[in-house]
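The opening residue of the first sequence carries number 1 in the working numbering; numbering runs sequentially from there. Below is one structure, written out as structure tokens; the observations come after it.
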Amino acid sequence: MSGTRDFNHHEVEQKWKDHWERTNLYQTKIDTSKPKYYVLDMFPYPSGAGLHVGHPLGYIASDIFSRYKTQKGFNVLHPMGFDAFGLPAEQYAIKTGVHPAKSTAKNIEQYIRQLSNLGFNYDWSNAVNTSDPEYYKWTQWIFIQLFEHYYDLEQDKAMPIADLKLHLSTSGTAGLHASCGEEMELSQDDWNNMSLAQKDQVLMNYRLAYRKVSYVNWCEELGTVLANDEVINGRSERGNHPVEKKAMKQWSLRITAYAERLLSSLDHLEWSDALKAMQRNWIGKSQGAQVFFDIENDTRKIEIFTTRPDTIFGATFMVLAPEHDYVADLTTDDQSDEIQKYLEYVGSRSERERMSETKVVSGAFTGSYAIHPITGNKIPIWIAEYVLKDYGTGAIMAVPSDDDRDQAFAEKFQIPIISVVDKTDFPDAENHDKLGTMINSDFLNGLSVKDAIERMIKELESLKIGKRKLNYRLRDANYSRQRYWGEPFPICYTPDGETIALDIENLPLELPELDDFKPASGAQSPLSRAKDWIKTSEGYDRETDTMPGFAGSSWYFLRYMDAKNPNEFASQEAINYWQEVDLYIGGTEHAVGHLMYSRFWHKFLFDKGLVPTDEPFKKLVNQGMIQGVIESLSLKQNKTDGRHHFVSAELRNEGEEYLNIPILIDYVSDYGLPSSSLSRAGIESFAAWMPDYDKAIFEDASGHHSIGKPDDMLTMTTISEVGKMSKSKYNVVNPDHVVAKYGADCFRMYEMFLGPIEQSKPWDTNGIDGVSKFLRKLWSLFYTEEKLQISDIEPSAEEYKILHITIDKVDNYIQKLAFNTAVSSFMICVNELKKLNCNKRLILEPLLKLLAPFAPFITEELWEALGHKESIHLSTYPIYDESKTKSSTVEYPVSINGKKRASITVDANASKDDIQSVAMQQEAVQKWIEGKEIRKVIVVPGRMINIVV
RNA sequence: GCCGAUGUGGUGGAAUUGGUAGACACGUUGGAUUCAAAAUCCAAUGUCAGCAAUGACGUGAGGGUUCGAGUCCCUCCAUCGGUACCA
1 MSGTRDFNHH EVEQKWKDHW ERTNLYQTKI DTSKPKYYVL DMFPYPSGAG
51 LHVGHPLGYI ASDIFSRYKT QKGFNVLHPM GFDAFGLPAE QYAIKTGVHP
101 AKSTAKNIEQ YIRQLSNLGF NYDWSNAVNT SDPEYYKWTQ WIFIQLFEHY
151 YDLEQDKAMP IADLKLHLST SGTAGLHASC GEEMELSQDD WNNMSLAQKD
201 QVLMNYRLAY RKVSYVNWCE ELGTVLANDE VINGRSERGN HPVEKKAMKQ
251 WSLRITAYAE RLLSSLDHLE WSDALKAMQR NWIGKSQGAQ VFFDIENDTR
301 KIEIFTTRPD TIFGATFMVL APEHDYVADL TTDDQSDEIQ KYLEYVGSRS
351 ERERMSETKV VSGAFTGSYA IHPITGNKIP IWIAEYVLKD YGTGAIMAVP
401 SDDDRDQAFA EKFQIPIISV VDKTDFPDAE NHDKLGTMIN SDFLNGLSVK
451 DAIERMIKEL ESLKIGKRKL NYRLRDANYS RQRYWGEPFP ICYTPDGETI
501 ALDIENLPLE LPELDDFKPA SGAQSPLSRA KDWIKTSEGY DRETDTMPGF
551 AGSSWYFLRY MDAKNPNEFA SQEAINYWQE VDLYIGGTEH AVGHLMYSRF
601 WHKFLFDKGL VPTDEPFKKL VNQGMIQGVI ESLSLKQNKT DGRHHFVSAE
651 LRNEGEEYLN IPILIDYVSD YGLPSSSLSR AGIESFAAWM PDYDKAIFED
701 ASGHHSIGKP DDMLTMTTIS EVGKMSKSKY NVVNPDHVVA KYGADCFRMY
751 EMFLGPIEQS KPWDTNGIDG VSKFLRKLWS LFYTEEKLQI SDIEPSAEEY
801 KILHITIDKV DNYIQKLAFN TAVSSFMICV NELKKLNCNK RLILEPLLKL
851 LAPFAPFITE ELWEALGHKE SIHLSTYPIY DESKTKSSTV EYPVSINGKK
901 RASITVDANA SKDDIQSVAM QQEAVQKWIE GKEIRKVIVV PGRMINIVV
């Protein structure tokens, strides 16, 4: 092929990649002479499986958009980096002994190589890596700021803890309006007489980063804490071992302090309504009342939150979360066995199961009673899994007449039900609808539900047993992980019981070197093994937990603005120039978690005056997911002779329960097809890869088999389901071979051509030839018979029309991020130009500029061939000229009763009446209206004609 | 369970936002070119009936609004994402 001028993507891509790098084409600097535009991608976790075909979907879109913005005259920041702390690297380290920093560095290198192959315009000099101490120094620093602040509800912003201490020492909690864990009443003497440890406890109730008791899924056999995701039916997904809830002191972030602001500022963001709805629901604001119930033979009170204070006369029992602090004390001797048994059961249940399995109710009676605050009646106190510790107060008043779950519970345990709302006027209303008239409710009788709620709240307030309250479903974020590969907490504990943060000079606090990355005994973090590291020179103990994945990703977009700054997380000059992210593209899987945490951190930094905007992401687009096929083996729920037992998919039977264990797709034959299966070699690779199962029984049509026994035949059919392409599902497809075969331009355009950016779709390469043909056809407009043949003569009106229609369409489509239809428009344009054998410079040059954001390599090559010295990516965008696309006639469809029967062509300026009379004269129309009465004729200028007969 | 999204030919998808359903591609079939293949080009291609003209049906299912519904409303089904320690 060499020597000819066929399009050779290998040569062309290498040539321009080198050239762009040498000339620093994509270097981004502050330039106040131009308007700025900040395009952000959600940065990837650099997994060992490498970049997969799903990642680039959003990256290609943002690359196209940022190149487009550059051509439109903006100074564009379009950075990339790595969310480099995380579990997979740690698990890999446990398995292989390779230090996570090492494997992560290697993976990052691979990602950078793969991303560069796709021709993205990232400026790698401002890349970030969240696991780099120079980066996490600032993650730790922001954490310390959170630790050193509380939320003042009167000023509606974060304020220094020093102010709080001053307030407490001069007036106690009087006049203090601060977001806190539990309401406290302290006098100034109370505070001043406290020990350091007691003061520390009090402050933890207010700090934005604080320590409290939380629960984790602990798996004794694996010796590790598990995500809810990894717990199935109370057992570990890996290895099928029992899992229990374990209470531990852990760090949390008081995101709830920002709940109202996180909710209200959503209104001003250019995010999809769906995404805003998800965030609103996650925050889950509800209005209601806080009520205190006395306990029989106890001085304490049970605090509950209810949105239905009107139904209080129907409260016939109370339910505490099984983890509620009072449970142990309220359990009577008679009931202790039953409660104990129930707590064990709940311990094995994941939170997801507790919320989703609403049909089966379960619970246990504590033996104690509460006193109904209005009627004075004794009502039993139960515990049940449907009440969650971290939602509201972890306790409810149960009203079986007006709540479905309370009702099911009362029916099961034969607790009285008192009807308190008459809904006969609203036959379609459900239990939870706030409709009806109060009955059996003393002074509320006859009031509507709405009025009764108001009346009751006033009553509660005057009796001083409750008050109006807003509640949020949003919970404080658990911020501790018992893991190695995360940011160490810059926190020490003194022998006096004080918790103190490191000074900035001592940051970053780097991870200690370890050779064993498994968690230590008792669910302790691996860091607890680093004895020398834990003790500071002052004799303090360091915190041994590490921060979660969302720590580094909650502020990374700010670091890009000034990625190398050693003195600040970013200079004020850079932050004030780049301001906020103008366009953020990323997956819906981050719709609540990451986006909520980032907004929270950003608002905190805004309160501190460190960023100029209250919100970080002005416009946000969710890209759909490129899905893969998840292949899994069926594992019998019950072991056979103490061994794991897998069955081939066709041997699954109705009565038995199975776990689907996802397997690496590389081991699977006929991947993605119904016949997908594991051969003997596949099984052996699988067992070597997951040693938990190397003793397992594998049952196929021919009987039972084991690893190590030389059976000839063994074929385990796998279950194939469409799902997200993810390292945890082991179904990652790598883009490298597609790029090698078709070239980066083709890969980029094909991913865009697959469909709308927001939509999810399974990966396949079926249509890629069409895009490849398009690029070759484009090339052939320039090169015929191996020679560049370009004409400088004036194009025809028809050629101009094709060009300008395309400019108009593509420009609009890019603004709407409708890249799939933009690609179609290019295809139509090139097809039409090819028909005319157009080789006019005045047509082809603007076309190249238009296409440059999509196919940066081929357009740069042709641009150079046309004699240009400066990169096409610095050229200005073509301007649409409407006069070139005007047409003198319009074609109208003519419908009879809404069905198209004919079409007519009329002058573009024809009047309604003219159009109608032309339409009526049509032969086809005459045929259809013959002998029928014409009831109505609708003429929509520029659109259509409909005749109703 | 709850929250959000999606559903259109054999396949990916388009449809100016209530106005010609299936653009643009893939695939398939037939033809041209070729010693042959690749590549390229031309034609056909929603389903059913028909030689054809043409007609009937057709946007997950069922109802509704409208001169007109893929698009709006109601009910249902299926699939995907999230559900707080995967990131």
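Yeah, the Cβ is synthetic: ideal placement off N, Cα and C, and Gly gets one too.
Helix or strand or just coil, what does DSSP make of residue i?
| i | result |
| --- | --- |
| tyrosine 386 | coil |
| valine 950 | Residue 950 lies beyond the stretch modelled for the chain, which goes from 1 to 949, so this question has no answer here. |
| cysteine 829 | helix |
| proline 495 | coil |
| glycine 586 | strand |
| glycine 73 | coil |
| lysine 932 | coil |
| tyrosine 597 | helix |
| alanine 370 | strand |
| isoleucine 790 | coil |
| glycine 770 | helix |
| proline 88 | helix |
| histidine 704 | strand |
Take residue i as the anchor and find which of the options has the nearest alpha-carbon.
| i | options | result |
| --- | --- | --- |
| aspartate 156 | Leu222, Thr256, Thr23, Ala822 | Thr256 |
| serine 953 | Leu164, Ser171, Thr170 | Look at the range of the chain in this structure, 1 to 949, and you will see that residue 953 is not part of it. |
| lysine 535 | Pro512, Ser368, Ala570, Arg901 | Pro512 |
| aspartate 718 | Ser669, Ala530, Ser47, Ser214 | The question names aspartate, but residue 718 in the sequence shown is threonine. Taking only the C-alpha atoms, the option nearest threonine 718 is Ser669. |
| aspartate 881 | Ala797, Gln922, Val948 | Ala797 |
| lysine 36 | Lys886, Glu794, Met561 | Met561 |
| glutamate 182 | Asn734, Ser521, Met204, Ser903 | Met204 |
| valine 202 | Asn228, Ile232, His167, Leu226 | His167 |
| valine 216 | Glu799, Asn445, Arg300, Ser348 | Ser348 |
| lysine 727 | Ser171, Ser47, Pro488 | Ser47 |
| phenylalanine 7 | Trp928, Leu781, Ser825, Glu799 | Leu781 |
Taking the straight line between their C-alpha atoms, what separation do you get for residue i and residue j?
| i | j | result |
| --- | --- | --- |
| glutamate 330 | leucine 208 | A quick correction: the sequence has leucine, not glutamate, at residue 330. Going by the C-alpha atoms only, they are around 32 Å apart. |
| lysine 69 | asparagine 576 | 20 Å |
| glycine 3 | glutamine 579 | Unreliable placement is indicated for glycine 3, whose pLDDT of 35 sits below 50; no coordinate value is reported for it. |
| glutamate 845 | phenylalanine 120 | 22 Å |
| leucine 714 | glutamate 650 | 14 Å |
| glutamine 627 | threonine 494 | 50 Å |
| arginine 67 | leucine 507 | 38 Å |
| glutamate 237 | lysine 729 | 12 Å |
| serine 648 | cysteine 219 | 28 Å |
| alanine 855 | arginine 748 | 7 Å |
| alanine 924 | threonine 889 | 21 Å |
| alanine 259 | tyrosine 45 | 28 Å |
| leucine 833 | lysine 886 | 18 Å |
| valine 830 | glutamate 860 | 17 Å |
| leucine 801 | tyrosine 892 | In the sequence on display, residue 801 carries lysine and not leucine. Cα to Cα, the separation comes out at about 21 Å. |
| alanine 523 | valine 592 | 28 Å |
| isoleucine 945 | lysine 276 | 41 Å |
| valine 231 | serine 356 | 14 Å |
| alanine 410 | alanine 501 | 50 Å |
I'd like to check one pair, residue j with residue i: are the Cβ atoms closer than 8 Å?
| i | j | result |
| --- | --- | --- |
| methionine 318 | isoleucine 381 | yes |
| phenylalanine 305 | glycine 363 | no |
| methionine 80 | glycine 587 | no |
| serine 401 | valine 420 | yes |
| proline 616 | arginine 599 | yes |
Note to self: Under 8 Å: do the stretch 270-283 and the stretch 467-481 share three or more Cβ pairs, one atom per stretch?
What the structure shows: yes
Check: Quick check: the stretch 543-550 against the stretch 481-498, are there 3 or more CB pairs under 8 Å?
Finding: Cβ pair count under 8 Å is three or more, so yes.
Check: Can we say the stretch 607-623 touches the stretch 696-709, given the rule of at least three CB pairs closer than 8 Å?
Finding: no
Checklist line | Stretch pair the stretch 134-150 + the stretch 550-567: three plus CB contacts closer than 8 Å | finding: With a cut-off of 8 Å, the stretch 550-567 and the stretch 134-150 count as touching, because enough Cβ pairs lie within range.
Check: Counting pairs of beta carbons, one from the stretch 781-792 and one from the stretch 814-823, are three or more of them closer than 8 Å?
Finding: no
Margin query: Contact between the stretch 737-757 and the stretch 816-827 is defined here as three or more beta-carbon pairs at a separation below 8 Å; is this criterion met?
Written below: yes
Notebook entry, point to check: Between the stretch 902-915 and the stretch 98-111, do at least 3 Cβ pairs fall closer than 8 Å?
Noted result: no
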